[in-house]
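Numbers -26 to -1, 1 to 251, taken from mature numbering (1 follows the signal peptide of the UniProt record, and there is no 0), label the letters of the sequence shown in order.
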Amino acid sequence: MEQSLTKKILKVCAASLLAVSSFSYSSPAPYQLSPLENYLIKSFAWEQYESFVNTGASTLFENPKVYYFSAGSLAKNVLKNPTEFIQKYKGQKVFVEGVLSRYSPSKSTFVFDASDNKFVINIRMGEDHNTETHPSLRKNFYCQVANAKKNEIILDNCITGLDYQKVKIGEIEQGIKDFLSGKDKTNPNMPTYAMLAYMALVSAKLLPTHSCCQAAAIEEGPQTTADIRACNQEVTTLWQNNSQFENFNEAMDSVERDLMRHGADLNMVRKAASLMD
């Protein structure tokens, strides 16, 4: 399965970053993102979500962990040993992908029939769930495991995959901006956000002026999924062919200086790189 943009290019960053023994940073000052840098951050956040939904692979660091199941695999796991399953997963967050079978008139409970209709996945929506979401979009849910028995699992406080997408992408974007501002250094996901920020800023310095990322960044109106995919592929190609850029190391050094000047803790980037080394 195709690796995400982050995992494809992270090792390219690692060698250069690990050559530096330590980083220091000064007092925070607001980091002013350019339109291109801002667009790249949004694209990377979207790509992180898409990678998880399409492959079940989480980001490099994710706390609390989100467990990914297709409806069929969830059914098989519970049917194998309901007691063992609930001991391991009760209270945990799960993302369930499948074909919706039916839902209650109040639209507060949805049901997946899985494993040849011998197993039921009961989806209980949270109080603030969006009842206006079209049924065709109710194909995946983000929930908390409540209980499980022989032929059924109950998932509580659920939101649709569409609503989770908005929450997750917004969370990643905010985490990246917090890193750039030198905020929230205790966030366990900060190394991921730090690396994404670093890649966005270096990429912005190296992408040509006629790039599709640049065009999308200055274009007014909402961007399509195709726009974002094209931009992310362009960035992936850039990092994979970094040896062709004479100013690649210079761009990385410049970004490191900028980040330190604005109070970002580059040790977070180094931590991400070391774990992929």
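Note that CB positions come from ideal geometry on N, CA and C, so glycine has one too.
Bounds of the alpha helix (DSSP H) holding L48 are A45 to K54. Considering only K54, E24 and A45, the residue with the shortest C-alpha distance to G72 is A45.
In this structure S177 is buried. Its beta-carbon is surrounded by 16 or more other beta-carbon atoms within 10 angstroms.
Of all C-beta pairs linking the region 128 to 138 to the region 147 to 157, fewer than three are shorter than 8 Å, placing the two stretches out of contact. Distances from the alpha-carbon of S8 to those of S217, R231 and K179 put K179 closest.
Between I133 and M169, the CB-CB gap reaches or exceeds 9 Å. Using a Cβ distance threshold of 9 Å, L212 and L181 count as a contacting pair.
Taking one beta carbon from each stretch, the region 12 to 26 and the region 198 to 210 have 3 or more pairs nearer than 8 Å; the two touch.
Using a 10 angstroms sphere on the CB of P165, the tally of other CB atoms reaches 16 or more, which defines it as buried. The secondary-structure analysis by DSSP pairs A122 across a beta bridge with I127. In this structure, the alpha-carbon of D227 lies about 10 Å from that of N221. Ranked by Cα distance from K124, the first of V141, L175, V94 and Q139 is V94. Between F26 and the set Q218, I143, I192 and T160, the nearest pair of CA atoms involves I143.
DSSP, reduced to helix, strand and coil, places Y13 within a helical segment of the structure shown.
Exposed is the label assigned to V141, since fewer than 16 other Cβ atoms lie within 10 Å of its Cβ. Y13 places its beta carbon 9 Å or farther from that of H236.
Unbroken alpha helix (DSSP H) runs of no fewer than 4 residues, entirely contained in the region 153 to 240, are found at 164 to 180, 186 to 192, 199 to 214 and 222 to 235, following chain order. Judged by their CB atoms, Y167 and I146 are nearer to each other than the 9 Å cut-off. For N37, there is no enclosing beta strand (DSSP E), as DSSP marks it with neither H nor E. The Cβ atoms of F43 and Y138 lie no closer than 9 Å to each other. Going by C-alpha positions, Q61 is about 16 Å away from K50. With fewer than 16 neighbouring CB atoms inside 10 Å of its own CB, D158 falls in the exposed class. Between K92 and L53, the CB-CB gap stays under 9 Å.
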